[in-house]
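Working notes for the structure below.
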Amino acid sequence: MISLRYAPEVEAARAEGSPVVALESTIITHGMPYPQNVETARKVEQTIRDQGATPATIAVIAGQLHIGLTSDELDTLGQTKDVAKLSRADMAACIATGGTGATTVAATMIAARLAGIEVFATGGIGGVHRGAEDSFDISADLQELSQTAVTVVAAGAKAILDLPKTLEVLETLGVPVIAYGQDTLPAFWSRESDLAAPLRMDDAASIAKAHRMRAAMGLPGGQLVANPIPAFAEIPAATLAPIIAQALQEAAEQGIDGKSVTPFLLGRIFELTNGASLEANIALVLNNARLAAEIARNLTQIGA
Ligand code: PSU
Ligand code: MN
């Protein structure tokens, strides 16, 4: 059995059976610049505490799988250059060789399940990239949702991706995609896309019940909750479209591939929007943290 390194507050929450929400670390190391990354991570953690749950930010540090980071660990991770970006394929190798790495959605789900954490809040999941018919670039996050029983709260998939193809793959894999409080799929920086959401739920209690029902039916895999960005922080899709097109073109011209694609695109969109994309990203993560904490509280209320 792998030994997990619990942060003191997570250990305490486990001992008393109170709700815990997992958080990823790739958004800290590869998704946002320093120092906003660390500031945001702290705000996200505090939002979860304010909602009556305990945050557990997941990362591999010097070969140890951490479930919850201390303030110092968070600060160090947020400033360390060249941290590995870990997914299902490489997390075990990183731990085995004493490495340090940040966990993507897929890797965070795996760690959360090992730690008995049922809910996870993030910004956006990885998905099917545009041009995937040639590049085959489909995030391992989608497979993970079909295998690992964690409810993931995100703001939909980013508009840098191919949203219709992402939805198709999720449907093929049998992953429930639940829009929170609306009929259309949210599109990360924008509240709405022109795609109908496969499922809609209007309260955290229903999402928690559906999570339990999947387990009762012996269905593996998690749920994707797509929570629209708050209206005040939204960037209209039409404003972003040319910026995304430019970032995608630059990625193609510079031959960016593999794991570097998503961080490159996010970085360029940050620069091209003069930081507005980051403000939006921060607002939606905080919003997702609130909903995830509410779902975690409901799961605790229902019981195992
Ligand atoms: N969404 C964000 N910021 C991020 C990511 C997603 O707003 O940093 C990260 C997540 O960790 C996600 C990963 O799991 O990007 C997907 O990477 P890829 O497309 O290489 O699978
Ligand atoms: Mn990829």
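So our numbering is basically just the index in the sequence shown, starting at one, shifted up by 11. Ideal Cβ placement from N, Cα and C applies to all residues, glycine included. No experiment lies behind these values; they were computed from the predicted model shown.
- Ala-104 sits in a helix when the DSSP states are folded into three classes.
- Fully contained in the region 38–104 are the following beta strand (DSSP E) runs of length 3 or more, in chain order: 65–72, 75–78, 95–97.
- As DSSP reads the structure, Phe-131 sits in a beta bridge with Ala-33, Val-163.
- Beta-bridge analysis with DSSP links Ala-168 to Ile-136.
- Listed in chain order, the beta strand (DSSP E) runs fully inside the region 205–291 are 210–212, 234–237, counting runs of at least 3 residues.
- Only residues of its own chain outside the window of five on either side were considered, and among them Val-272, Phe-275, Leu-276, Arg-279 have a CB closer than 8 angstroms to the CB of Ala-262, listed in chain order.
- The beta carbon of Gly-137 sits closer than 7 angstroms to at least one heavy atom of the ligand MN.
- Secondary structure of Leu-178 (DSSP, three-state): helix.
- For Gln-234, the number of other beta carbons within 10 angstroms of its own is at least 16, and it is reported as buried.
- In this chain, Arg-16 is not harboured by any alpha helix (DSSP H); it is covered by the beta strand (DSSP E) spanning 15–17.
- DSSP, read as helix, strand or coil, puts Thr-119 in helix.
- Our two residues, Leu-283 and Leu-289, have alpha carbons roughly 11 angstroms apart in a direct line.
- DSSP, reduced to helix, strand and coil, places Ala-151 within a helical segment of the structure shown.
- With fewer than 16 neighbouring CB atoms inside 10 Å of its own CB, Asn-285 falls in the exposed class.
- Of all C-beta pairs linking the region 195–206 to the region 167–178, three or more are shorter than 8 angstroms, placing the two stretches in contact.
- Taken atom to atom, the span from the alpha-carbon of Val-163 to that of Ser-36 is near 14 angstroms.
- A contact between stretches requires three or more CB pairs, one per stretch, nearer than 8 angstroms, and the region 177–185 fails this requirement with the region 242–259.
- Residues Val-31, Thr-65, Ala-67, Ile-78, Gly-79 of the same chain have their beta carbon placed closer than 7 angstroms to that of Val-21, with the five preceding and five following residues left out of the count.
- By the criterion of a C-beta distance shorter than 6 angstroms, Ile-149 is surrounded in its chain by Val-139, Ala-143, once the five residues flanking it on both sides are discounted.
- Between Lys-169 and Phe-199, the gap from beta carbon to beta carbon is short of 8 angstroms.
- Relative to the ligand PSU, the nearest heavy atom lies less than 7 angstroms away from the CB of Ala-151.
- For Ala-143, the enclosing alpha helix (DSSP H) covers residues 143–146.
- Remark: the shortest separation between the CB of Val-272 and any heavy atom of the ligand MN falls under 7 angstroms.
- A Cβ-Cβ contact shorter than 8 angstroms links Ser-98 with Ala-118.
- Residue burial annotation: Glu-264 is exposed, with fewer than 16 other C-beta atoms found within 10 angstroms of its C-beta.
- Annotated as proximal: Glu-155 and Val-116, with beta-carbon spacing under 8 angstroms.
- Ile-39 is a Cβ neighbour of Ala-52, given a cutoff of 8 angstroms.
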